[in-house]
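Residue numbers (my numbering): 6 to 450.
Cβ coordinates follow ideal geometry from the N, Cα and C atoms, glycine included.
It should be emphasised that the depicted structure is a prediction, and the values quoted were computed from it without experimental measurement.
Here's the structure we're looking at; comments come further down.
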Amino acid sequence: VIYHLPSHKISRGTQIIALHKMADPTKTNETTKSSTSMMPMWVTDSQIDPSWVQEKLSDFDHVPECCVVKDISNDTRKGDVPKNGATLLLQLTSREQDGNDGDHTGFGTKTAKAATTTTLVVKQVPTTRTRLAMSRQLGLAREAIFYNQLAPKIIKISSSSNNTDSDEACILPTIHFSYGDMYDGSKVIIMEDLSKGFVDSGILFGPGNPNNWNRDLKRQINGAYPPPRSGSTTTVPTSFEVANQTFLAIANVHATFWRDEALLLNSTEEEYGGSSWLRGSAWICEEDEESWRASQGMIQKIWEKYTNSYSGESESESSIRWDPLVRQIVEKAMKGISWESQKERLNVNSNFCLVHGDFWPGNVMISTDHHATSTSTEGNGGVRDLRLLDWEMVGEPKVLHTAENLVRIAVIASLFNAHFGPLHKRHLPYTDKLSYIRIFEHSDK
Numbered sequence: 006v007i008y009h010l011p012s013h014k015i016s017r018g019t020q021i022i023a024l025h026k027m028a029d030p031t032k033t034n035e036t037t038k039s040s041t042s043m044m045p046m047w048v049t050d051s052q053i054d055p056s057w058v059q060e061k062l063s064d065f066d067h068v069p070e071c072c073v074v075k076d077i078s079n080d081t082r083k084g085d086v087p088k089n090g091a092t093l094l095l096q097l098t099s100r101e102q103d104g105n106d107g108d109h110t111g112f113g114t115k116t117a118k119a120a121t122t123t124t125l126v127v128k129q130v131p132t133t134r135t136r137l138a139m140s141r142q143l144g145l146a147r148e149a150i151f152y153n154q155l156a157p158k159i160i161k162i163s164s165s166s167n168n169t170d171s172d173e174a175c176i177l178p179t180i181h182f183s184y185g186d187m188y189d190g191s192k193v194i195i196m197e198d199l200s201k202g203f204v205d206s207g208i209l210f211g212p213g214n215p216n217n218w219n220r221d222l223k224r225q226i227n228g229a230y231p232p233p234r235s236g237s238t239t240t241v242p243t244s245f246e247v248a249n250q251t252f253l254a255i256a257n258v259h260a261t262f263w264r265d266e267a268l269l270l271n272s273t274e275e276e277y278g279g280s281s282w283l284r285g286s287a288w289i290c291e292e293d294e295e296s297w298r299a300s301q302g303m304i305q306k307i308w309e310k311y312t313n314s315y316s317g318e319s320e321s322e323s324s325i326r327w328d329p330l331v332r333q334i335v336e337k338a339m340k341g342i343s344w345e346s347q348k349e350r351l352n353v354n355s356n357f358c359l360v361h362g363d364f365w366p367g368n369v370m371i372s373t374d375h376h377a378t379s380t381s382t383e384g385n386g387g388v389r390d391l392r393l394l395d396w397e398m399v400g401e402p403k404v405l406h407t408a409e410n411l412v413r414i415a416v417i418a419s420l421f422n423a424h425f426g427p428l429h430k431r432h433l434p435y436t437d438k439l440s441y442i443r444i445f446e447h448s449d450k
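Have a look at this one:
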């Protein structure tokens with residue numbers, strides 16, 4: 006089934022999505038044909054057919070003459086050639102036609118203006134057999150479905166720079182085209198290029214963050230926030246300010262979908278095109294135990310492999326130093342995995358909502374706009390504009406699950422308030438149960 010959806014503020018371009026609730030062998034050829042027409046048409050290994058781009062980017066005024074891509078994927082997702090990469094930088098070169106050249110009869114010749122170049126980012130599942138199979142297994146196409154079905158409902162956070170309702174700061178990137186097919190695994194998303202005005206917020210969390218161990222933080226931070234010249238000021242956001250702003254942004258998402266029954270697998274509502282594509286939607290309905298055990302078993306096997314590889318070594322000999330409390334928490338979590346406790350903790354009567362699923366600083370892009378920052382938790386109240394990226398794992402765990410992990414790491418009460426304040430402020434039901442005691446009692450379990 007192909008859904009043609011109306012445009013919205015976040016995604017101004019064409020929005021198309023394919024949802025397959027059941028695998029129908031008789032529809033295989035039809036599905037493949039549909040997906041093929043939606044995926045990029047390649048002229049060479051590094052150039053997309055301009056006619057395909059023009060058709061999909063209906064919100065662009067200029068007709069592209071050349072569409073060149075560069076593979077900017079991380080090491081694990083790079084392709085053997087650019088077109089087989091997972092994340093591509095798309096450079097669109099076009100020429101705007103001028104009017105009649107000095108001829109007032111109306112029959113003058115048209116002259117081409119200087120070429121203009123626009124850069125966008127393409128996220129895709131390359132159409133190789135291996136990549137498509139992995140996408141089907143992991144459900145990577147759900148990111149495209151999220152942008153089409155759920156993103157329009159996310160309420161924008163009002164900017165703190167002035168108090169007008171019309172001035173809004175979007176927490177999601179602008180999406181120009183989005184297509185995903187959960188049946189065959191294909192996916193392509195064309196979005197705005199954030200590299201010129203935003204930076205990976207992870208660089209602002211210091212050298213103690215394991216993701217920063219191999220980074221030149223000083224060079225990257227100075228590049229994003231140049232040292233002030235004489236007579237000017239440049240403020241580098243602190244890690245607390247970034248965390249505070251991020252909490253507010255994700256709380257907006259949680260509040261928007263708080264106990265939204267249309268997210269459930271067995272929902273009779275078709276508001277989101279059916280929710281079988283959402284990660285965890287079946288688990289809340291106490292269904293699909295097999296896939297739940299498979300997902301938890303993957304984590305258990307990783308932990309088992311680690312503990313076996315370091316068994317018999319003293320801490321002085323091991324390259325990894327463990328805080329005793331952290332080690333106890335991990336071991337208790339591994340041993341406590343149970344389908345029965347899962348059903349008791351997370352079900353249709355619990356405080357479920359939509360969550361990101363891969364919520365870490367690398368998926369939060371923070372603006373490099375040099376404005377003064379604050380630590381207020383009211384309104385937008387944090388640093389500057391931000392974007393939340395990479396919604397491939399979007400689903401429906403309990404909101405407490407996301408909050409408690411971040412609180413355990415941050416251990417800052419104001420961040421707790423930053424997250425749950427918007428829930429109370431919007432007078433959502435059941436939030437009276439979300440107290441400090443409730444959170445930490447839940448964590449102890």
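From the options, residue whose alpha carbon lies closest to that of residue i
i    : options                   : result
N217 : G84, S42 and G207         : G207
F364 : T49, T92 and L393         : L393
I180 : L93, M339 and A149        : A149
C175 : M187, V193, A156 and F182 : A156
S51  : G144, D395 and G84        : G84
Q129 : S300, M370 and I77        : I77
R224 : Y311, G211 and L125       : G211
M139 : D189, F151 and S99        : D189
L351 : Q96, L330 and E292        : E292
L253 : F65, T92, L391 and G400   : L391
L222 : V241, R234 and P233       : V241
N153 : R234, G185, W308 and E349 : G185
L209 : M370, E397, V353 and G202 : M370
N89  : W288, T124 and K192       : K192
L125 : P87, N79 and C72          : C72
I307 : V331, E336 and E294       : E336
Integer Cβ distance of residue i from residue j, believed to fall under 8 angstroms
i    : j    : result
V204 : A229 : 4 angstroms
I159 : T261 : 5 angstroms
C-alpha distance - residue i paired with residue j, whole-angstrom precision
i    : j    : result
S281 : S355 : 19 angstroms
I304 : A338 : 11 angstroms
L269 : C290 : 7 angstroms
L94  : E345 : 46 angstroms
T81  : K75  : 16 angstroms
A146 : D328 : 38 angstroms
S63  : T121 : 18 angstroms
N214 : M196 : 29 angstroms
G367 : Y315 : 29 angstroms
R298 : Q347 : 11 angstroms
V360 : D66  : 35 angstroms
T41  : E246 : 44 angstroms
R389 : A91  : 29 angstroms
K5   : G400 : No answer is possible for residue 5: it lies beyond the span of the chain, which begins at 6 and ends at 450.
K310 : D265 : 39 angstroms
I325 : I334 : 16 angstroms
Q123 : L199 : According to the sequence displayed, residue 123 carries Thr and not Gln. Between T123 and L199, the C-alpha separation is close to 12 angstroms.
T312 : M44  : 43 angstroms
S296 : R284 : 10 angstroms
P178 : G302 : 34 angstroms
E294 : P87  : 39 angstroms
W396 : P233 : 36 angstroms
G341 : L330 : 16 angstroms
N79  : E349 : 39 angstroms
A248 : T135 : 37 angstroms
N227 : S343 : 47 angstroms
Strand pairing of residue i, partner residues [DSSP]
i    : result
S99  : P69 and T121
W47  : I53
E197 : L125
S392 : Here the sequence assigns Arg to residue 392, which means Ser is not the residue at that position. For R392, which the question treats as bridged, DSSP gives the partners M370.
K75  : L94
R284 : G400
I180 : M196
G464 : It is not possible to answer for residue 464, since the shown part of the chain is limited to 6 through 450.
D363 : Answer is none; D363 lacks a bridge partner.
Proximal residues to residue i (C-beta, below 6 angstroms), its chain only, five neighbours per side dropped
i    : result
I194 : K128, A149 and S183
C358 : H259, F262, W263 and V404
Q142 : none
Beta-carbon proximity list for residue i, same chain, < 7 angstroms, skipping 5 on both sides
i    : result
M46  : I53, D54 and W57
P69  : P55, V58, Q59, L97, T98 and S99
L137 : V130, D189, G190 and S191
T49  : none
V353 : L269, I289 and C290
G362 : R284, M398, V399 and G400
T373 : G202, F203, V204, A229 and Y230
R220 : I208
Contacts around residue i, its chain only, beta-carbon distance under 8 angstroms, and the 5 residues preceding and following it disregarded
i    : result
S286 : L268, L269, L270, S280, G400 and E401
S300 : none
T133 : N89
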